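Okay, so here's the structure we're looking at.
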Amino acid sequence: MSLEEEIAINQFGQGALSEADMLNAFAQLDAPQQRKRFIQLYLHVASQKLAASDVDQALSNCSLTTEDPVNKYLNLAYFKVGSKGIIYTPYTEEPPEGDLVKPYKVLLYVFKANYQRRYAVEKDNSTMWWYQDFSKSKTAQDLLDTHRRLAEEIYANASFRTEFMTMAKLWHTYYDMMQTLRQEPPAEPKTRFDFIRYDQIEHDPTWTAANDRMRACALLRSSVEKALFKQYGQDIDEIRRLTLDVINRHMHETYSSGIDEYIGY
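Residue numbers (our numbering): 14 to 278.
Structure below.
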């Protein structure tokens, strides 16, 4: 999720942006972009310390009951019990009522209920940027300006250039290999799911080679992030976002495609 997108959902959490603002922005996206935005928000919401009351409040705000298909589609029972570990994102080919607008709206309200509960406790004492006063437009602009300045500075820092170019190459190669694995044989019908089949993992050496590259990238990325954290003094979430942004820029410049074309970014 980009910083702009995360700022927007925090603005919604505070009431600085309305439901109409968020849904209108979502409606401007094409179907693949909506799917990407939906999954990003789902993962972000699932990573919060949710309470059952957050889900109940969201359903009430959306005039839904626990019997509504969206409740099952979003695995809201998982949110209510605060389960940790593997996050089971919903498949998105066949959402209720044929589009993602309603599920996206419910996720926004789950986030808002959780955010307002935390904001009431943290707003006067926290140094975290997401608890700043977003009723002032300058707040969001200052955050974006600082992020862009640091991203440009890190990109231009010769001390890290080789590492970033290496990560860009590893990531690009990984995605190329994963695309090969996802190609269905012509004789087999296409499924509605996005994941790799077990037989592909077990028998295709491409899977092992792809995983090796991603492990190497993860190790190098961890090392770079520690060095950036020490040098630039930003919180670790911002360091991770800056690292991904710089990798993404190198990928676009070298391979004409980047991390931003994939769901997890």
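C-beta: ideal position from N, C-alpha, C; glycine also.
These numbers were taken from a predicted model, which means no experiment stands behind them.
In or out: residue i buried (at least 16 other Cβ within 10 Å) or exposed?
{"i": "Asn138", "result": "exposed"}
{"i": "Gln192", "result": "exposed"}
{"i": "Pro116", "result": "buried"}
{"i": "Ile249", "result": "exposed"}
{"i": "Asp155", "result": "exposed"}
{"i": "Asn37", "result": "exposed"}
{"i": "Arg254", "result": "buried"}
{"i": "Met141", "result": "exposed"}
{"i": "Ala200", "result": "In this predicted model, Ala200 has a pLDDT of only 47, less than 50, meaning its place in the structure is not dependable; the value taken from the coordinates is given anyway. By the neighbour-count rule (16 or more Cβ atoms within 10 Å), Ala200 is not buried but exposed."}
{"i": "Ala231", "result": "exposed"}
Can you tell me which of the three DSSP states residue i falls into?
{"i": "Gln196", "result": "coil"}
{"i": "Met289", "result": "Lying outside 14 to 278, the shown extent of the chain, residue 289 is not represented and no answer is given."}
{"i": "Asn23", "result": "helix"}
{"i": "Gln47", "result": "helix"}
{"i": "Gln61", "result": "coil"}
{"i": "Phe147", "result": "coil"}
{"i": "Gln41", "result": "coil"}
{"i": "Gln244", "result": "helix"}
{"i": "Tyr110", "result": "The identity of residue 110 in the sequence shown is Glu, whereas the question assumes Tyr. In this structure, Glu110 counts as helix in the three-state DSSP scheme."}
{"i": "Asn88", "result": "coil"}
{"i": "Ser31", "result": "coil"}
{"i": "Met141", "result": "coil"}
{"i": "Asp69", "result": "helix"}
{"i": "Cys230", "result": "helix"}
{"i": "Asp81", "result": "coil"}
Taking the C-alpha atoms as reference points, what is the distance between residue i and residue j?
{"i": "Asp158", "j": "Val114", "result": "31 Å"}
{"i": "Gln24", "j": "Lys239", "result": "30 Å"}
{"i": "Thr293", "j": "Arg226", "result": "This structure cannot settle anything about residue 293, because the visible part of the chain is limited to 14 through 278."}
{"i": "Arg50", "j": "Trp184", "result": "21 Å"}
{"i": "Phe177", "j": "His57", "result": "26 Å"}
{"i": "Asn10", "j": "Leu163", "result": "A question about residue 10 goes unanswered here, because the residues of the chain that appear run from 14 up to 278."}
{"i": "Met14", "j": "Glu80", "result": "30 Å"}
{"i": "Ala90", "j": "Arg48", "result": "22 Å"}
{"i": "Asp67", "j": "Tyr128", "result": "9 Å"}
{"i": "Ala64", "j": "Asn170", "result": "43 Å"}
{"i": "Ser235", "j": "Leu16", "result": "20 Å"}
{"i": "Asn88", "j": "Pro82", "result": "10 Å"}
{"i": "Ser150", "j": "Ser31", "result": "15 Å"}
{"i": "Leu77", "j": "Ala153", "result": "32 Å"}
{"i": "Asn224", "j": "Glu110", "result": "37 Å"}
{"i": "Glu46", "j": "Glu165", "result": "The displayed chain sequence assigns Gln, not Glu, to residue 46. Roughly 26 Å separates the two Cα atoms."}
{"i": "Phe173", "j": "Ala21", "result": "31 Å"}
{"i": "Gly246", "j": "Glu135", "result": "22 Å"}
{"i": "Tyr188", "j": "Lys62", "result": "31 Å"}
{"i": "Gln244", "j": "Ser270", "result": "29 Å"}
{"i": "Ser60", "j": "His160", "result": "23 Å"}
{"i": "Gln53", "j": "Met35", "result": "14 Å"}
{"i": "Ile92", "j": "Glu19", "result": "Residue identity check: residue 92 is Phe in the sequence provided, not Ile. So the two alpha carbons sit approximately 20 Å from each other."}
{"i": "Asp112", "j": "Tyr55", "result": "15 Å"}
{"i": "Pro218", "j": "Thr186", "result": "14 Å"}
{"i": "Arg130", "j": "Asn84", "result": "21 Å"}
{"i": "Val237", "j": "Asp69", "result": "41 Å"}
{"i": "Ala33", "j": "Asp43", "result": "18 Å"}
Tell me whether the beta-carbon of residue i lies closer than 8 Å to the beta-carbon of residue j.
{"i": "Tyr122", "j": "Asn74", "result": "yes"}
{"i": "Arg124", "j": "Gln27", "result": "Note on identity: in this sequence residue 124 is Phe, with Arg being the wrong assignment. Taking 8 Å as the Cβ cut-off, Phe124 and Gln27 do not qualify as a contacting pair."}
{"i": "Pro108", "j": "Tyr86", "result": "yes"}
{"i": "Met264", "j": "Ile272", "result": "yes"}
{"i": "Val119", "j": "Ala71", "result": "yes"}
{"i": "Ala126", "j": "Thr267", "result": "no"}
{"i": "Ala222", "j": "Met190", "result": "yes"}
{"i": "Tyr168", "j": "Val94", "result": "no"}
{"i": "Thr288", "j": "Leu257", "result": "Nothing can be reported for residue 288: it is not among the residues displayed for the chain, which extend from 14 to 278."}
{"i": "Trp220", "j": "Leu194", "result": "yes"}
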